[in-house]
Each structure stands twice: as structure tokens, then as C-alpha cells.
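K.L.:
Heads up: the sequence lines are chains E, S and P, in that order.
Just so it is clear: in the first sequence, position 29 is 31 by our numbering, and no numbers are missing.
Just so it is clear: in the second sequence, position 101 is 177 by our numbering, and no numbers are missing.
Just so it is clear: in the third sequence, position 30 is 41 by our numbering, and no numbers are missing.
All residues carry an ideal CB built from backbone N, CA and C; glycine is no exception.
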Amino acid sequence: MPKSLLIISRQSPWSGINAKEALDIVLAGGAFDLPIGLLFMDDGVFQLVPEQKAAAVQQKNLTANLQALSLFGVEDLFACGHSLSVRGISPAGLAVDDVEPLSAEDIRTLIDRYDQVITL
Amino acid sequence: MNVLTLDGKNIPLDKDGYLLDLNDWSADVAQALAAQAGIELSPEHWEILQLLRDFYQEFQLSPATRPLIKYTALKLGTDKGNSLHLNRLFNGTPAKLAAKLAGLPKPTNCL
Amino acid sequence: MSTLHVLSHSPFSDTRLDSCLRILGRGDALLLCGDAVYALQQQSSTLEDKTVFALEEDLQARNIECPQWAVAIDYPAFVDLSIQYDKVNSWL
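(1) Starting from residue 102 (chain E), follow its DSSP beta bridges and name the residues at the other end.
(2) Which residues of the region 37-49 of chain E have a Cβ closer than 9 angstroms to any Cβ of chain S? Give them in chain order.
(3) Between residue 14 (chain E) and residue 49 (chain E), which are expected to be in contact by the criterion C-beta below 8 angstroms, what is the C-beta distance as a whole number of angstroms?
(4) Mapping DSSP to helix, strand and coil, what is residue 101 (chain S)?
(5) List, in chain order, every chain S residue whose beta-carbon is nearer than 8 angstroms to that of residue 62 (chain E).
(6) Exposed or buried, which one is residue 87 (chain S) when buried takes at least 16 other CB atoms within 10 Å?
(7) Should residue 28 (chain E) be labelled buried (16 or more other beta-carbon atoms within 10 Å of its own) or exposed?
(8) Return the CA-CA distance between residue 65 (chain P) and residue 121 (chain S), expressed in angstroms with no decimal places.
(9) Any Cβ of chain P within less than 8 angstroms of the Cβ of residue 21 (chain E)?
(10) Looking only at its own chain, which residues have a Cβ that is under 6 angstroms from the Cβ of residue 44 (chain E), when we skip the five neighbours before and after it?
(11) Using a Cβ-Cβ cutoff of less than 7 angstroms, which residues in the same chain neighbour residue 100 (chain E) once the five nearest sequence positions on both sides are dropped?
(12) With a floor of 4 residues, list each alpha helix (DSSP H) that falls wholly inside the region 51-79 of chain E, ordered by position along the chain.
(13) So with CB distances below 9 angstroms, who are the chain S contacts of residue 74 (chain E)?
(14) Going by Cα to Cα distance, which pick from E:20, E:38, E:73 and E:113 is closest to residue 4 (chain E)?
(15) In whole angstroms, give me the CA-to-CA distance for residue 26 (chain P) and residue 102 (chain P).
(16) Judging by CA-CA distance, which residue of P:84, P:54 and P:60 is the nearest neighbour of residue 68 (chain P)?
(17) At what residues does the beta strand (DSSP E) containing residue 75 (chain P) begin and finish?
(18) Name the two residues that bound the continuous alpha helix (DSSP H) containing residue 122 (chain E).
(19) Does the distance from the C-beta atom of residue 108 (chain S) to that of residue 82 (chain S) stay below 8 angstroms?
(20) Using a Cβ cut-off of 8 angstroms, pull out every chain S residue sitting near residue 69 (chain E), in sequence order please.
(21) Measuring straight from C-alpha to C-alpha, what distance separates residue 36 (chain E) and residue 30 (chain E)?
(22) Please look up how many angstroms separate the CB atoms of residue 98 (chain P) and residue 118 (chain E), rounded, as I've assumed it's under 8 angstroms.
(23) Check this for me: beta carbons of residue 39 (chain P) and residue 20 (chain P), under 8 angstroms apart or not?
(24) Determine the closest residue to residue 72 (chain P) out of P:44, P:17, P:78 and P:18, with distance taken between C-alpha atoms.
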């Protein structure tokens, strides 16, 4: 049984390479059929805001990349409810479908459920 | 630098033979790259190349093998969206080779 | 299940510690290294009732005294801890 992996992505798409790096780990893990989860937390929830225009700052469209998660076999998507609410982001109408908002208590349980955690 | 010379024009490639600029892609370029890989492009090849270009448009990345199979099955049915069919068309390495012929970057998730 | 959360950023300029404390489980512990040891300087610290380790050499470098409620450790002890806990979560 391969080890399960939780990635906690906590940077915005616009503050360096961490958001992209986190996604690359997730996609690689998915391509290899690892049981993998992705939790958006802190500024990482900004990745889920719809209608962002990456081209305006000559960057790649991370939100488009995120749409490929299910094709890569990554279905376990979560967002920190607190991070969403303090940033005024509604859990309805996120750029990615089926992202489950979690309480702090839920996140504790989530971390326990995975064999390994990487926070980026 | 790696180049593909076609009709007297030099088209830049990366070290693995992938187009540096997606916009350099054309049917002739695909055919030339395919010839280098010893493949003659059939309609079955072309529909996968078109599919890959659609994939890239939609997701802004090149798929690894498994997502390529899934996406093909989704769009063209399981007759074509299976590893046997794709391996046969693209010398056993569909994600890498088909991406190259479709003018996409090398899939980063293919180790 | 227990997690060792490793932090290396100053809590005065960064939100990692805040976020970590929000999701810290009962059996979990904090390991402070680098500028994260400045967390021990915080007035009205929120850490006192937590299990907190701090890297001795980083404390010395910054002339920070380890409070009684925290444990100063060296690198071999760091390794021991990372084995002792079920998993390590480094807040990179």
C-alpha cells in the first residue's frame, strides 16, 4: 500500500513559485496513483478565486492547471474555512469544483489521516 | 541549440526536442517531428494530437500518461482512450511523444 | 496520531505560527528553529500550554533564554523527535 500524502498549499498564485510547486507535487503524485489530498490554507485559498487574469502579469494560469486535478486522479480537495472567511471568499462559486471547506478541528483530523504532510 | 530545419526555416527546440514556442507548431512541423521518431501520421494520430492541443488550451499543461488516457476516453470514448491504443500509436510513450508532436512542452509529471 | 510541526520563520513577520496553532492537535508538538525561536520572546505567549522544543544553537545565536515551559534541544534530539512523532510537518 503506497503512503498517502497531504499537501498544504498556503501561498497565493502571485507570490513566487510555492503554489505551482505544491500543485506539481500533487499532480505527480496523482499520476503515480498515490492517495493524495490537497488542502488550501492561508493565502493558498486565493488560488481558488475565479476569474483571475494571469495574462495581465504575464504569468501562467494556475487556475487552469487546477482544473486538471480530477483527470490526474486527485479528488480530495479541501480549503481552510477560516482562511476563506477572513479573506472574504465565499466557499460557493470557487474556481475549482468540489472543494470541501474545513474547520480547524476537521483539519487536525485530516492531517492525522495521511501518512505524510508537506506544507508549502 | 537544437533546431528543426523545415523549408529552410530553423525552428528552435529544447534539449529534448520539444518546441520552445507553441506558436511554431503546424501540421508540417508535426510531420517533420514524427518522421524523426519514425512515425507516419495517420488520421488516428492527428485526432490525438488535436486532443492534446485542446488539453493544453484548457489546462495550460501537458498531461502525464494516465490523465491523457482519461481525457481521451472522455472525449473519444474508451475504444481510443486506453493505453493499448495510445501506446501503439506513439511507440509506447504516448504522453512524451504525442506532446512533442503536438508542439506542447514536455510533461513535467512524467518522470 | 501525533505531528511534530517544524517552524523556522519569525512569528512577528509571518503567519505560519498563527496558522499552525489553530490546527495544532492535542498530542502535537512545536519545534522552533531559525527565526521561529523569536516566538519565545513573545509577551503574553500563547505557547505556554503547548509542547514546545527549540533548537539550542539558534537560541544561543540570538541570545534568547529558553523559558521553563519549553525544551532546548540539539540536532541529535531533533532527529529523535522526528522519529518519535508519527509525522513531521515542516512549514516551509
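P.N.:
On the basis of the coordinates in this document:
(1) Here residue 102 (chain E) refers to the residue found at position 100 of the first sequence. Looking at the DSSP assignment, residue 102 (chain E) forms a beta bridge with E:80.
(2) none
(3) On the first sequence, position 12 is the one that residue 14 (chain E) refers to. On the first sequence, position 47 is the one that residue 49 (chain E) refers to. Between residue 49 (chain E) and residue 14 (chain E) the Cβ distance is about 7 angstroms, and since that is below 8 angstroms, they are a contact.
(4) Within the second sequence, the letter at position 25 stands for residue 101 (chain S). Note: residue 101 (chain S) maps to coil in three-state DSSP.
(5) Residue 62 (chain E) sits at position 60 when you count from the first residue of the first sequence. Residues of chain S passing the Cβ test: 136.
(6) The count along the second sequence starts at 1 and reaches residue 87 (chain S) at position 11. Flag for residue 87 (chain S) reads buried.
(7) Within the first sequence, numbered from 1, the residue matching residue 28 (chain E) stands at position 26. By the neighbour-count rule (16 or more Cβ atoms within 10 Å), residue 28 (chain E) is buried.
(8) Residue mapping note: residue 65 (chain P) aligns to position 54 of the third sequence, counting from 1. Residue mapping note: residue 121 (chain S) aligns to position 45 of the second sequence, counting from 1. Each residue's Cα considered, the two are about 59 angstroms apart.
(9) Counted from its first residue, the first sequence places residue 21 (chain E) at position 19. Chain P, which has no Cβ nearer than 8 angstroms to the Cβ of residue 21 (chain E), makes this no.
(10) The residue labelled residue 44 (chain E) in the question sits at position 42 within the first sequence. Around residue 44 (chain E): 12 and 85.
(11) Within the first sequence, the letter at position 98 stands for residue 100 (chain E). For residue 100 (chain E), where only same-chain residues beyond five positions count, the Cβ hits under 7 angstroms are 79.
(12) 64-68
(13) As a first step, residue 74 (chain E) must be located in the first sequence, where it is residue number 72. Residues of chain S passing the Cβ test: 139, 140, 142, 143, 146 and 185.
(14) For the purposes of this step, residue 4 (chain E) is identified with residue 2 of the first sequence, where counting begins at 1. Among E:20, E:38, E:73 and E:113, the Cα nearest to that of residue 4 (chain E) belongs to E:38.
(15) What you label residue 26 (chain P) is simply residue 15 of the third sequence in a count that begins at 1. What you label residue 102 (chain P) is simply residue 91 of the third sequence in a count that begins at 1. So the alpha carbons of these two residues sit roughly 11 angstroms apart.
(16) Taking the first residue of the third sequence as position 1, residue 68 (chain P) is located at position 57. The candidate whose alpha carbon is nearest that of residue 68 (chain P) is P:84.
(17) As a first step, residue 75 (chain P) must be located in the third sequence, where it is residue number 64. Note, residue 75 (chain P): premise wrong, no beta strand (DSSP E); not H, not E.
(18) To locate residue 122 (chain E), count along the first sequence from 1; it is residue 120. It is not in any alpha helix (DSSP H) - residue 122 (chain E) carries neither H nor E in the DSSP assignment.
(19) The residue given as residue 108 (chain S) occupies position 32 in the second sequence. The residue given as residue 82 (chain S) occupies position 6 in the second sequence. Contact flag set, yes.
(20) Position 67 of the first sequence holds residue 69 (chain E). Within chain S, the residues near residue 69 (chain E) are 134 and 135.
(21) The count along the first sequence starts at 1 and reaches residue 36 (chain E) at position 34. The count along the first sequence starts at 1 and reaches residue 30 (chain E) at position 28. The alpha-carbon atoms of residue 36 (chain E) and residue 30 (chain E) are separated by roughly 9 angstroms.
(22) In the third sequence, residue 98 (chain P) corresponds to position 87, counting from 1. In the first sequence, residue 118 (chain E) corresponds to position 116, counting from 1. The pair is a contact, with the Cβ atoms about 6 angstroms apart (cut-off 8 angstroms).
(23) Locating residue 39 (chain P) in the third sequence gives position 28, counting from the first residue. Locating residue 20 (chain P) in the third sequence gives position 9, counting from the first residue. Going by C-beta atoms, residue 39 (chain P) is not nearer than 8 angstroms to residue 20 (chain P).
(24) Indexing the third sequence from 1 puts residue 72 (chain P) at position 61. The option with the nearest alpha carbon to residue 72 (chain P) is P:44.
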